[in-house]
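What follows is a short report on a single structure.
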Amino acid sequence: MNANVDTALVTGACSGIGLAIAHRLAARGHALILVSNRDEPLARAAAEIAGAHGVPVHTVVQDLAAHDAAEALVAAVDARGLQVDILVNNAGVFFFGEAADADPARARAMLQLHVTTPSLLCTLFGARMRARRRGRILIVSSISAWRPFPGISYYGSSKTYLRSFAAALRSELGVYGVGVTCLAPGATATALYDPEVVPVAKARRLGVMMDAEIVAEAGVRALLRGDAVCVPGLVTRAMTTAAVLTPQPVIDWVRRRAPWLRPPKR
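By UniProt numbering, the letter at position 152 of the sequence shown is numbered 152, and the numbering carries on one by one without gaps.
What follows is the structure, given as C-alpha cells:
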C-alpha cells in the first residue's frame, strides 16, 4: 500500500449509507477498511469497490454490538499493520415500538451499537489521531436527534447521544487538528427498514426518503470540508425545522389518531 494514501475505516459498510460512503471515499483515492458482521456481503462489497476504484480494500468481520467490539476491532486493525486516518461510525439498526414493549436483548444490542462501540472507537482511534495531529471522524446520527418521537425512543435517544457526543468531541479534538463531523440524515431508502412495515419504494418516489448515494456524497463532502454538522437535502432540513417547532402535545395528538402510530390496546 502507498504510505501516502489515507485509509478510511467504515463500519456497517456492506450496505446502505455505509457502502455508499465507502464508494465515495474510494473514488477520492482513499484505501478502505470495511467492517460488518455479515461475512459474504462484506466480501462482495470489498470486491465491488476494489474493482470499481482500484484502491486497497481490507475487511474485518466484527459484531459491533458485542461488549468488547471496539477493542477487538482496534486489535484487528493493528494486526494487519494498518493506520486509520478517517473513522466513519455508521453501523446501526432500527426498530419501531414502545420502549416498554422492547425486547431487552434487542434494545441492549442497539445501545451497544449506537452508543458504546462508536464512542470507544472515537476514544481509541481519536487518541492516535490526536498524537499525529491529523485525522477525520464522521459520526452518523439522524434528524431524530432533534426531536423525541414516540415509537422510536431507543433509536432517537441513541442518535441524540451521537449528535451531542460529536459536538463535544469536535471541540476536544479540533485544537489538535482532528476534524469531527456529524451526519444527520432523514429517512433513507436502505435495508434498515422492513419493507412490509415501511413502504420504502413509495416513500422514495414521493421524496420522503432520500437515496443512500445522495446522503453519502453530502456526508463525505461535509467531512472533507471540516463541517460540524450535515443534514442533507432541503426537504430533510425543512422537516427537521418543522419537527423542532411542533409542540409535543400536537405530536401526541397525531399519534393517538394515526393508525400506524397508535399505541396497542392493553
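For glycine and all other residues, C-beta sits at the position ideal for the given N, C-alpha and C.
>> Using DSSP's beta-bridge definition, name the partner residues of ARG136.
In response: ILE86 and GLY179
>> Considering only DSSP beta bridges, list what SER142 is partnered with.
In response: Note: SER142 sits in no beta bridge, so no partner.
> At which residues does the beta strand (DSSP E) containing ILE33 begin and terminate?
Replying inline: 31 to 36
> VAL88 and VAL175 look like a contact to me (Cβ under 8 Å); what is the Cβ gap, rounded to whole Å?
Replying inline: Wrong, their Cβ atoms sit about 22 Å apart, outside the cutoff.
> If you drop the 5 nearest sequence neighbours on each side, which residues of the same chain put their C-beta closer than 6 Å to that of VAL229?
Replying inline: CYS182
> Helix, strand or coil for CYS14 per DSSP?
Replying inline: coil
> Mind checking whether GLN62 and LEU73 have CB atoms under 9 Å apart?
Replying inline: yes
>> Using a Cβ distance threshold of 8 Å, determine whether the segment 22 to 40 contacts the segment 137 to 147, with at least three qualifying pairs required.
In response: With fewer than three CB-CB distances shorter than 8 Å, the segment 22 to 40 does not count as touching the segment 137 to 147.
>> Extract the residue ranges of the beta strand (DSSP E) inside the segment 37 to 112, only unbroken runs of 3 or more that lie entirely within it.
In response: 57 to 61 and 86 to 89
>> Please report the straight-line C-alpha distance between GLY219 and ILE139, rounded to a whole angstrom.
In response: 10 Å
>> Tell me the DSSP secondary structure of ASP211 in three-state form.
In response: strand
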